[in-house]
Amino acid sequence: MSSSQVKWDCSQCGYAPSDRRKYCSECHSMLTWACTASGRSGRYTHYYRHRDNCSYCTPELEEEKQHEMEEKQQQLQALDNKQRPWSEWRRTNASCIQHTGYDVEQVQELYSMCEEPLVNYCSHKDYRLTYSAATSYLSPMNMLVVTLWYLKHYHSERYISSELNLSQAAVNYLLSTVVDILHSCVYPELISIPTNLSSGKTPHGPQQHHKLIVDSTFIAIPEPYDS
Ligand SMILES: [Zn+2]
Ligand SMILES: [Zn+2]
125 MSSSQVKWDC SQCGYAPSDR RKYCSECHSM LTWACTASGR SGRYTHYYRH
175 RDNCSYCTPE LEEEKQHEME EKQQQLQALD NKQRPWSEWR RTNASCIQHT
225 GYDVEQVQEL YSMCEEPLVN YCSHKDYRLT YSAATSYLSP MNMLVVTLWY
275 LKHYHSERYI SSELNLSQAA VNYLLSTVVD ILHSCVYPEL ISIPTNLSSG
325 KTPHGPQQHH KLIVDSTFIA IPEPYDS
């Protein structure tokens, strides 16, 4: 995990801190960095520009981004269990099934299939801007269960927005986004097409070892429009 290439030190007093910081803790002058791999060096204020462009320092950037992502994920997860409606529906399987059509474990399994795009979506600045300051935004798990609820019961957007205290525009945006996410994450997991199907060389005989069960009572997820 240690970020190796870059050494920090103080050109005034020679102090070498072990972590990245702006000013020397001994003499308070601005620290300098030296990237041993690329042979470049400079003052603190130019470090970030270097890091973004240096192929040796980029892995560190990736690491940092991942760390940020994990932090966000933890914040959002904490919100998952506190926030309505999931905080209520998750208490019993009966309540969960009644609202979403799935028991708690199944919902969690679905969530794990599409967690990454949901978290990314929630972390996006535009997403939070669609909500007024007065209403909080929905956590990823809540986005998923609200969408499942909508797909199961076909509640109107107006009803959902009043139940959750969100604007109707936010609900509309949320539902269409999560349906797209479900389509792109869950659909391929359920229906896997053999890769050689398109080659045209394999004859398509009857599928002896596979059985496709179509349950037509369930509500299909609409195909998203390409934008
Ligand atoms: Zn110093
Ligand atoms: Zn570098």
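For this note's numbering, count along the sequence shown from 1 and bump the result up by 124. For each residue, glycine too, the CB sits at the ideal point set by N, CA and C. If you're wondering where the values come from, they're calculated on a predicted model, not measured in any experiment.
Unbroken beta strand (DSSP E) run spanning residue i, endpoints
i: residue 156; result: 156-159
i: residue 133; result: 130-133
Residue i, DSSP secondary structure in three states
i: residue 162; result: coil
i: residue 167; result: strand
i: residue 283; result: helix
i: residue 146; result: coil
i: residue 308; result: helix
i: residue 136; result: coil
i: residue 227; result: coil
i: residue 200; result: helix
i: residue 178; result: coil
i: residue 300; result: helix
i: residue 152; result: coil
i: residue 291; result: coil
i: residue 191; result: helix
i: residue 141; result: coil
Heavy atom of ligand 3 within 8 Å of residue i beta-carbon
i: residue 159; result: This structure does not include ligand 3; its bound ligands are ligand 1 and ligand 2.
Residue span of the alpha helix (DSSP H) that contains residue i, given as start and end
i: residue 216; result: From DSSP, residue 216 is part of no alpha helix (DSSP H); its letter is neither H nor E.
i: residue 207; result: Looking at the DSSP string, residue 207 is not in any alpha helix (DSSP H), and its letter there is neither H nor E.
i: residue 277; result: 264-277
Status (buried if at least 16 other CB within 10 Å, exposed otherwise) for residue i
i: residue 311; result: exposed
i: residue 176; result: exposed
i: residue 236; result: exposed
i: residue 143; result: exposed
i: residue 266; result: buried
i: residue 286; result: exposed
i: residue 246; result: buried
9 Å Cβ cutoff met for residue i and residue j
i: residue 188; j: residue 129; result: no
i: residue 243; j: residue 200; result: yes
i: residue 134; j: residue 169; result: no
i: residue 275; j: residue 303; result: yes
i: residue 229; j: residue 264; result: no
i: residue 288; j: residue 208; result: yes
i: residue 140; j: residue 131; result: yes
Three or more C-beta pairs below 8 Å linking the region 171-180 and the region 153-162 | yes
Give a yes or no on contact between the region 264-275 and the region 220-240, applying the rule of three or more CB pairs nearer than 8 Å.
-> yes
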